[in-house]
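Q: The structure under discussion is supplied below as structure tokens; questions concerning it will follow.
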Amino acid sequence: MNNNPNQADARDASVERELNELKQQYESLRDRKVRTEQDVANLTEQLETLKKQAEAEYGTSDMEELQALLEQKRQQNEEAVARYREHIAAIQADLAKVENGTEER
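Residues 3 to 107 (my numbering) make up the sequence shown, in order.
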């Protein structure tokens with residue numbers, strides 16, 4: 003057994019430093035835990051709000067049903083754009099006929 007006071011002091015100082023570092027790590031982890039718990043609570047509240055909003059607007063908050071509704075709306079939009087494109091093409095064709103008829107006179 004070594005009874006050198008300098009070595010004992012050095013060991014004590016080393017243990018004290020490590021203890022202080024561990025305390026700091028603990029405090030940091032505790033703070034992270036509190037922040038994470040707050041984030042989870044906030045996100046849970048936001049999720050519930052969004053579910054209620056989806057229920058009110060679309061009649062469901064089920065993701066698969068919402069995806070199906072979205073796909074249905076996309077198809078409707080594509081069909082509407084196609085009809086509009088055809089309408090514009092018909093107007094252009096009619097206008098060309100009028101312009102060509104006027105030019106022939």
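Quick reminder that beta carbons are idealized off the backbone N, C-alpha and C, glycines included.
Taking Cβ positions, are L71 and Y60 nearer each other than 8 Å?
A: Yes, the pair counts as a contact, with Cβ atoms nearer than the cut-off.
Q: Quick check on S16: does DSSP put it in helix, strand or coil?
A: Correct three-state label for S16: helix.
Q: Excluding five sequence neighbours on each side, which residues of the same chain lie with their C-beta closer than 8 Å to the C-beta of E50?
A: So no residue of the chain qualifies.
Q: At 3 residues or longer, and completely inside the region 20-93: list those beta strand (DSSP E) runs for me, N to C.
A: Qualifying beta strand (DSSP E) stretches: none in this window.
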